[in-house]
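Undergrad: One structure coming up, written as structure tokens, with questions to follow.
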Amino acid sequence: MTNPYVNRKYIIISLIIFIFIVFVARLFYMQIIDDSYKYSAQNNSQRRITKYPARGVIFDRNGKILVYNEPAFDLMVIPIQTKAFDTTDLCKILEIEPNILRLILKRARLYSKYKPSVVIPQLSLETTAILKEKIYKFSGFFLQSRTLRKYPKPIAAHLLGYVGEVDEAYIKQNPYYKMGDYVGISGIEKSYEEYLRGKKGVSIYLVDVHNKIVGNFAEGKYDTAAIPGYNITTTIDLELQEYGEMLMKNKKGSIVAIDPQNGEILALISSPTYDPSLLVGRKRTKNYQMLLKDTLKPLFNRALMAKYPPGSTFKMVNGLIGLQEGVINVHSAFSCSRGFSMGNIHVGCHPHPSPLELISSIQHSCNAYYCNVFFKILNNKKYKNTEEAFLKWREYVTSFGFGQNLGTDLSYELKGNVPTNTYYNKYFGKNRWKPLTIISLSIGQGELGITPLQLANYACILANRGYYYVPHVVKEIHDVQHDNNKFLQKHRTLIDPKNFEPIVEGMEMVVKGGTARIAQIDSIVVCGKTGTAQNPHGKDHSIFIAFAPKDNPKIAIAVVVENAGFGATYAAPIASLMIEKYLKRKIKRVNLEKYIFESDLIRR
Amino acid sequence: MQRNINISKTIDWLTLGLYLVIVLLGWLNIFAAVYNEEHRSIFDITQQYGKQLIWIITSFLIATIILFTDSIYYQIFAYPIYFILLLLTILVIFFGKDINGQKAWFEIGWIRIQPSEFLKFSVNLALAKFMSTYNFKIHNYRNLITIILIIVIPTAIVFMQHDTGTAIVFTSFIFMLYREGLTPFIMFFTVISIVLFIMSLLVQQDIIIYALLIVSIVIFSFVNGQITFILSAIGALIGIFLISKGIVYLFHIQFLEQHFIISVAIVFALIGMLLGKLKKIKYAVHMGVLLLACITFTFMVDYIFHNILEPHQQARINELLGKSNDLKGVGYNVNQSKIAIGSGGFLGKGFLQGTQTKYNFVPEQSTDFIFCTVGEEHGFVGSVILLLLYVSLLIRLVYLAERQRLAFSRIYGYGVVSILFFHFVINIGMTIGLVPVIGIPLPFFSYGGSSLWAFTILLFIFLKLDIDRLKYLT
Ligand SMILES: [Zn+2]
Chain W
61 MTNPYVNRKY
71 IIISLIIFIF
81 IVFVARLFYM
91 QIIDDSYKYS
101 AQNNSQRRIT
111 KYPARGVIFD
121 RNGKILVYNE
131 PAFDLMVIPI
141 QTKAFDTTDL
151 CKILEIEPNI
161 LRLILKRARL
171 YSKYKPSVVI
181 PQLSLETTAI
191 LKEKIYKFSG
201 FFLQSRTLRK
211 YPKPIAAHLL
221 GYVGEVDEAY
231 IKQNPYYKMG
241 DYVGISGIEK
251 SYEEYLRGKK
261 GVSIYLVDVH
271 NKIVGNFAEG
281 KYDTAAIPGY
291 NITTTIDLEL
301 QEYGEMLMKN
311 KKGSIVAIDP
321 QNGEILALIS
331 SPTYDPSLLV
341 GRKRTKNYQM
351 LLKDTLKPLF
361 NRALMAKYPP
371 GSTFKMVNGL
381 IGLQEGVINV
391 HSAFSCSRGF
401 SMGNIHVGCH
411 PHPSPLELIS
421 SIQHSCNAYY
431 CNVFFKILNN
441 KKYKNTEEAF
451 LKWREYVTSF
461 GFGQNLGTDL
471 SYELKGNVPT
481 NTYYNKYFGK
491 NRWKPLTIIS
501 LSIGQGELGI
511 TPLQLANYAC
521 ILANRGYYYV
531 PHVVKEIHDV
541 QHDNNKFLQK
551 HRTLIDPKNF
561 EPIVEGMEMV
571 VKGGTARIAQ
581 IDSIVVCGKT
591 GTAQNPHGKD
601 HSIFIAFAPK
611 DNPKIAIAVV
621 VENAGFGATY
631 AAPIASLMIE
641 KYLKRKIKRV
651 NLEKYIFESD
661 LIRR
Chain C
235 MQRNINISKT
245 IDWLTLGLYL
255 VIVLLGWLNI
265 FAAVYNEEHR
275 SIFDITQQYG
285 KQLIWIITSF
295 LIATIILFTD
305 SIYYQIFAYP
315 IYFILLLLTI
325 LVIFFGKDIN
335 GQKAWFEIGW
345 IRIQPSEFLK
355 FSVNLALAKF
365 MSTYNFKIHN
375 YRNLITIILI
385 IVIPTAIVFM
395 QHDTGTAIVF
405 TSFIFMLYRE
415 GLTPFIMFFT
425 VISIVLFIMS
435 LLVQQDIIIY
445 ALLIVSIVIF
455 SFVNGQITFI
465 LSAIGALIGI
475 FLISKGIVYL
485 FHIQFLEQHF
495 IISVAIVFAL
505 IGMLLGKLKK
515 IKYAVHMGVL
525 LLACITFTFM
535 VDYIFHNILE
545 PHQQARINEL
555 LGKSNDLKGV
565 GYNVNQSKIA
575 IGSGGFLGKG
585 FLQGTQTKYN
595 FVPEQSTDFI
605 FCTVGEEHGF
615 VGSVILLLLY
625 VSLLIRLVYL
635 AERQRLAFSR
645 IYGYGVVSIL
655 FFHFVINIGM
665 TIGLVPVIGI
675 PLPFFSYGGS
685 SLWAFTILLF
695 IFLKLDIDRL
705 KYLT
């Protein structure tokens with residue numbers, strides 16, 4: 061049976077072939093005869109310019125600017141869009157060697173042919189001006205607007221931290237970042253990066269063969285705006301911070317001042333410090349290397365990372381534990397004949413009246429008194445053996461925030477060290493260590509390692525008579541709710557608040573008539589305690605912790621001055637001047653101030 | 235009588251080979267179109283090219299299953315399949331996910347299924363089944379109505395999903411119907427009305443009217459072979475044209491009305507002339523009536539468009555016709571697409587070297603505009619090779635359809651040809667600016683699981699029917 065319409069297949073095949081011929085003819089015209097498409101394609105070069113948001117501005121607690129931004133330009137290149145250009149001319153403008161430029165361009169090509177790479181970051185204003193005129197000669201190159209950190213005052217370098225370019229390893233872990241992006245590397249810049257960085261935007265432009273922008277791609281349909289980072293108000297008092305840095309000039313050490321009523325860090329000084337603007341812009345790498353090589357380690361944030369034995373400032377901890385455990389009371393008295401002797405152990409003491417009760421033992425910082433207290437704590441019949449008593453003691457100590465991260469909002473905070481029973485078991489052997497073996501803990505020496513931040517927090521606990529808030533440096537992030545619950549929680553020690561009263565009395569006496577009379581301020585009741593950290597490598601470190609006023613304290617402070625000897629020599633006057641500055645805003649004791657300003661303990 | 239058949243001996247290797255080549259070239263071009271430097275591996279399944287590989291592998295599985303299923307089931311279940319898919323397509327309107335203003339997708343995890351893609355082969359099955367019944371006559375009034383219903387119902391549903399492209403695909407069955415004996419007049423009318431419909435919206439009316447007049451005069455002259463008539467008619471036309479322009483200039487008479495009057499006048503004049511002078515009166519009357527009908531149709535379309543349709547409907551039609559001048563819209567896409575293809579030159583810029591597609595100038599590079607990547611990166615040579623592959627496939631399928639012994643298989647085969655041909659013409663035609671932008675994929679080539687699966691099913695059912703053709707010796 062033949063299908064009557066079988067011949068219609070020829071019509072259908074002809075139609076298919078006809079369409080094919082039409083398409084081929086059309087393609088022949090478009091792709092071979094007509095050149096206008098090729099020209100359009102060149103004109104269609106697209107340039108995606110990332111719009112970098114300005115980082116959030118950081119303010120001090122009174123609204124004064126600590127860091128803001130200033131404009132800068134990066135020279136960028138998109139390798140696939142480059143054409144032959146006058147290398148010497150470009151090198152002359154940029155003031156670099158041609159082979160360096162070649163190297164940079166090679167690296168850019170390796171990174172991506174289609175994506176922009178930085179050729180020279182942060183050009184000077186003059187270079188930018190010249191380049192803007194001549195950029196049309198260099199196809200594929202363009203200027204990218206950036207912002208750089210700018211510091212009104214050369215202070216708070218460690219606190220603020222610095223911003224640097226991301227590297228490939230970092231990008232791999234954090235895909236938000238692209239080559240050439242900046243990220244906070246330390247300090248607030250690091251811990252609040254998420255808020256400070258803002259959100260990048262993009263503009264897509266059409267660029268003609270002369271490397272000139274001819275308009276927005278698709279009328280800006282695909283553009284997104286850059287959203288600036290959130291501004292941050294810190295808890296820092298700019299004046300106090302600046303003053304502290306002046307006091308610490310030519311000294312190694314640190315100051316941490318905290319408002320005990322809420323844990324807000326008022327000043328955090330690590331000395332020697334550096335000008336934060338050194339780590340901005342093109343010279344950053346060079347300056348960073350220079351700072352890294354400095355033997356005084358200016359990059360090292362002593363306030364958070366240096367561990368010191370707390371010395372006599374630790375005596376209050378043992379006093380408090382003694383009271384809490386009931387092994388002493390306020391009127392317990394111990395005699396001191398130039399120290400404490402037992403077996404072949406002798407802990408020396410300086411001349412003072414004897415015997416002393418608890419309050420005056422703090423006032424005169426009697427070593428023998430605390431050796432006895434510590435002895436009683438560890439020989440407490442309540443516990444089976446020394447180890448168990450020691451564990452209880454350690455539990456009390458760690459409740460002061462020692463030997464652990466406080467959980468501040470600053471990066472690179474160290475734990476410090478409170479020795480463990482396992483450590484002693486390993487060091488001396490199980491059951492081979494007795495209270496006498498570790499008697500140095502009674503006066504804050506030995507294996508104890510406490511950071512200045514922990515010391516300041518300890519001052520807060522004493523000021524509050526038994527609790528602290530986690531110290532923190534950010535008060536408010538503008539226009540955004542951030543989770544700061546952990547900074548609103550009271551952390552209590554294991555000591556009953558009433559046991560703090562005699563201790564605080566003692567600290568008052570330290571300043572009124574004890575080891576730190578130099579720290580007295582008219583009309584302000586300062587409570588403090590000196591300390592001296594034994595330093596096997598040189599002169600002892602001078603330590604002082606304090607808070608003021610005695611009732612309803614507004615500031616708690618810890619000062620460590622390395623290799624300065626006894627606590628009262630440098631640490632106490634510095635702390636006292638800081639308190640005066642913060643509470644009175646004006647220094648009356650100009651002579652004391654002058655003495656500190658002029659002291660040079662580094663002498664390089 | 236049935237015989238056991240060895241698939242590897244009887245399968246049409248040429249079709250299978252063309253299918254494989256087109257699918258793999260498609261995959262490579264998707265890779266080039268959406269190439270992402272951070273995901274350099276073509277196997278990276280976070281990217282479209284990796285996903286397409288999954289679609290390809292699953293398509294091969296589907297194809298294998300089809301090849302090992304007895305083809306008799308497609309005949310038996312033609313209607314159930316049709317109704318099930320119709321139901322799914324209706325359900326998607328209510329339960330589907332809205333993507334780009336189209337409610338055409340079911341979403342299960344990261345997999346999106348578009349039932350309307352599968353509707354194509356099921357409509358084809360239903361038509362083949364219906365038209366292969368014993369003693370079927372296409373010009374039977376009721377048969378025609380049924381055929382139209384089988385096609386129009388799914389078209390209407392897909393229209394409701396706002397997927398105009400896929401809906402229009404169903405008109406492609408006209409080719410199959412033509413082969414099965416549909417009178418050319420119906421085709422002629424369909425083509426004329428579509429062309430007129432589009433033209434009346436795209437082109438100014440007076441141009442259409444004059445064009446129609448000239449065309450009818452030319453056709454008529456060929457029928458009669460009288461030079462003097464052609465000349466006098468054209469002279470009359472020019473005269474009328476000048477007079478009408480003069481009237482407009484002098485009296486500011488409203489354009490539309492004036493043309494209508496003139497046109498009607500011309501028609502009657504022509505008829506009168508022909509009546510008086512020539513013998514073939516029947517032709518003249520036919521021609522005159524047709525001309526009048528066309529002109530009226532043009533005015534109707536124009537009236538409906540401007541006075542009855544809502545503005546957003548007007549915008550949609552304008553967009554469909556590529557009429558909108560909005561650079562961000564359709565016109566922009568075509569322009570960018572033409573730049574990409576045109577800049578390819580003779581040999582193209584090379585694999586992964588295209589700048590236009592890489593920089594996202596061309597929208598939907600991996601789906602509807604995938605041909606841009608071919609044109610840009612492989613130039614004239616590559617484009618023509620791809621066209622040749624498709625044309626070979628289509629002609630081969632016509633050949634296969636013709637050698638079928640069962641009407642069912644032949645009709646189904648022509649249905650496959652119709653659908654593939656329509657997609658081919660529209661998709662490539664739109665990227666090179668010959669056809670208005672209608673978003674439908676290039677078969678086997680564009681990115682997309684549903685489309686690849688659906689085309690694979692469509693083709694392999696036919697391949698299986700072809701393998702089984704020897705089973706049914708008559
Ligand atoms: Zn003593």
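Here the protein sequences line up with chains W and C, keeping their order. When the first sequence is numbered by my numbering, its final residue is 664 and no position is left out of the sequence of numbers. When the second sequence is numbered by my numbering, its final residue is 708 and no position is left out of the sequence of numbers. Quick reminder that beta carbons are idealized off the backbone N, C-alpha and C, glycines included.
#1: Does any residue of chain C bring its CB to less than 7 Å from the CB of K98 of chain W?
#2: Is any beta-carbon of chain W found at less than 7 Å from that of F580 of chain C?
#3: Chain W partners of G647 of chain C, CB-CB under 8 Å?
#4: Just to confirm, are D241 of chain W and V226 of chain W a CB contact at a threshold of 7 Å?
#5: Going by DSSP, which residues form a beta bridge with D332 of chain C?
#6: Thinking C-alpha only, which one of W:F133, W:N612 and W:Y334 is nearest P181 of chain W?
#7: Does ligand 1 have even one heavy atom less than 6 Å from the beta-carbon of A428 of chain W?
#8: With H, G and I counted as helix, E and B as strand and the rest as coil, what does DSSP make of D560 of chain C?
#9: What would DSSP say about D120 of chain W, mapped onto helix, strand or coil?
#10: Determine the DSSP secondary structure at A631 of chain W, reduced to helix, strand or coil.
#11: Taking 7 Å as the CB-CB cut-off, is E351 of chain C touching chain W?
#12: Where R257 of chain W and P613 of chain W are concerned, what is the direct C-alpha to C-alpha distance, given to the nearest angstrom?
#13: For S500 of chain W and S425 of chain W, which I take to be in contact (beta-carbon distance under 8 Å), what is that distance rounded to the nearest angstrom?
#14: Kindly list, in the order they appear in chain W, the residues whose Cβ is closer than 7 Å to that of F614 of chain C.
#15: Under 7 Å between C-beta atoms, does R169 of chain W make it to chain C?
#16: If I follow the unbroken beta strand (DSSP E) through I615 of chain W, where does it start and stop?
#17: If N432 of chain W sits next to V407 of chain W, beta carbons under 8 Å apart, how far is it from one beta carbon to the other, in whole angstroms?
#18: Please return the same chain residues whose Cβ sits closer than 7 Å to the Cβ of S350 of chain C, not counting the five positions on each side in sequence.
#19: Counting only C-beta atoms, is R413 of chain C closer than 7 Å to chain W at any point?
#20: In angstroms with no decimal places, state the Cα-to-Cα distance between D335 of chain W and G386 of chain W.
#21: With a cut-off of 7 Å, does the C-beta of Y65 of chain W fall near any C-beta of chain C?
#22: Using 8 Å for Cβ pairs, my map puts F694 of chain C next to F678 of chain C. What's the rounded Cβ distance?
#23: Alpha carbon to alpha carbon, what distance is there between G588 of chain W and G467 of chain W?
#24: How would you label F580 of chain C, buried or exposed, when you count the other beta carbons within 10 angstroms and need 16 or more for buried?
#25: Return helix, strand or coil for D134 of chain W, following the three-state DSSP convention.
#26: What's the gap between the Cα of V621 of chain W and the Cα of I603 of chain W?
#27: Which value, in whole angstroms, describes the spacing of the CA atoms of I387 of chain C and L321 of chain C?
#28: With a cut-off of 8 Å on the beta carbons, I'd call A59 of chain W and T592 of chain W a contact; round off their distance for me.
#29: Spatial neighbours of P665 of chain W within its chain, please: CB distance less than 7 Å, with the 5 preceding and 5 following residues excluded, ordered by chain position.
#30: Given 6 Å as the limit, tell me if C409 of chain W has its C-beta closer than that to any heavy atom belonging to ligand 1.
#31: Do I537 of chain W and I138 of chain W come within 7 Å of each other at the CB atom, strictly closer than that value?
#32: For I358 of chain C, which three-state DSSP category applies?
#33: Using beta carbons (cut-off 7 Å, strictly below), is F198 of chain W in contact with chain C?
#34: Taking the alpha carbon of G613 of chain C as the point to measure from, which residue in C:Y624, C:F364, C:E636 and C:G588 has its own alpha carbon closest?
#35: For D178 of chain W and I538 of chain C, I'd like the C-alpha separation in whole angstroms.
#36: Going by C-alpha to C-alpha distance, which of W:N517, W:D582 and W:H532 sits closest to G526 of chain W?
TA: Let me lay it out:
#1: Taking 7 Å as the threshold, the shortest C-beta distance from K98 of chain W to chain C falls below it.
#2: Contacts with chain W at 7 Å (Cβ-Cβ) include F580 of chain C.
#3: In chain W, no part has a C-beta under 8 Å from the C-beta of G647 of chain C; the shortest such distance is about 11 Å.
#4: Yes; because the gap between Cβ atoms is below 7 Å, this pair is in contact.
#5: Answer is C:K337.
#6: Ranking the options by Cα distance to P181 of chain W, first place goes to W:F133.
#7: Yes, since a heavy atom of ligand 1 falls inside the 6 Å radius drawn around the Cβ of A428 of chain W.
#8: At D560 of chain C the pLDDT is 46, less than 50, meaning the model places this residue with poor confidence and gives no usable figure here.
#9: In the three-state reduction of the DSSP assignment, D120 of chain W falls in the coil class.
#10: Helix, per DSSP.
#11: So no, E351 of chain C is outside the interface.
#12: Whole-angstrom Cα-Cα distance: 36 Å.
#13: No, S500 of chain W and S425 of chain W are not in contact; Cβ-Cβ is about 15 Å, not under 8 Å.
#14: Within chain W, the residues whose beta carbon sits less than 7 Å from that of F614 of chain C are L87, F88, Q91 and I92, listed in sequence order.
#15: When Cβ-Cβ separations below 7 Å define contact, R169 of chain W makes no contact with chain C.
#16: Run containing I615 of chain W: I615 to V621, per the beta strand (DSSP E) assignment.
#17: With 8 Å as the limit, N432 of chain W and V407 of chain W do not qualify as a contact, their Cβ atoms being about 10 Å apart.
#18: Taken in chain order, the residues that qualify are T323, A338, V392, Q395, D397 and T400.
#19: Judged by the 7 Å Cβ criterion, R413 of chain C is in contact with chain W.
#20: Straight across, the Cα-Cα distance linking D335 of chain W with G386 of chain W is about 51 Å.
#21: So, interface residue.
#22: The C-beta distance from F694 of chain C to F678 of chain C rounds to 12 Å, too long to meet the 8 Å contact threshold.
#23: Spanning the two alpha carbons is a distance of roughly 25 Å.
#24: F580 of chain C should be labelled exposed.
#25: In this structure, D134 of chain W counts as strand in the three-state DSSP scheme.
#26: Roughly 6 Å separates the two Cα atoms.
#27: Their Cα atoms are separated by approximately 11 Å.
#28: Lying outside 61 to 664, the shown extent of chain W, residue 59 of chain W is not represented and no answer is given.
#29: In the structure displayed, chain W extends from 61 to 664; residue 665 of chain W sits before or after that span and is not available.
#30: Yes, since a heavy atom of ligand 1 falls inside the 6 Å radius drawn around the Cβ of C409 of chain W.
#31: No, they are not a contact pair.
#32: Reading off the sequence shown, one finds Asn at residue 358 of chain C, where the question assumed Ile. N358 of chain C: helix per DSSP, three-state reduction.
#33: Closer than 7 Å: no.
#34: Selected option, being the one with the closest Cα: C:G588.
#35: In the sequence as displayed, the identity of residue 178 of chain W is Val instead of Asp. Computed Cα separation, rounded: 59 Å.
#36: It is W:N517.
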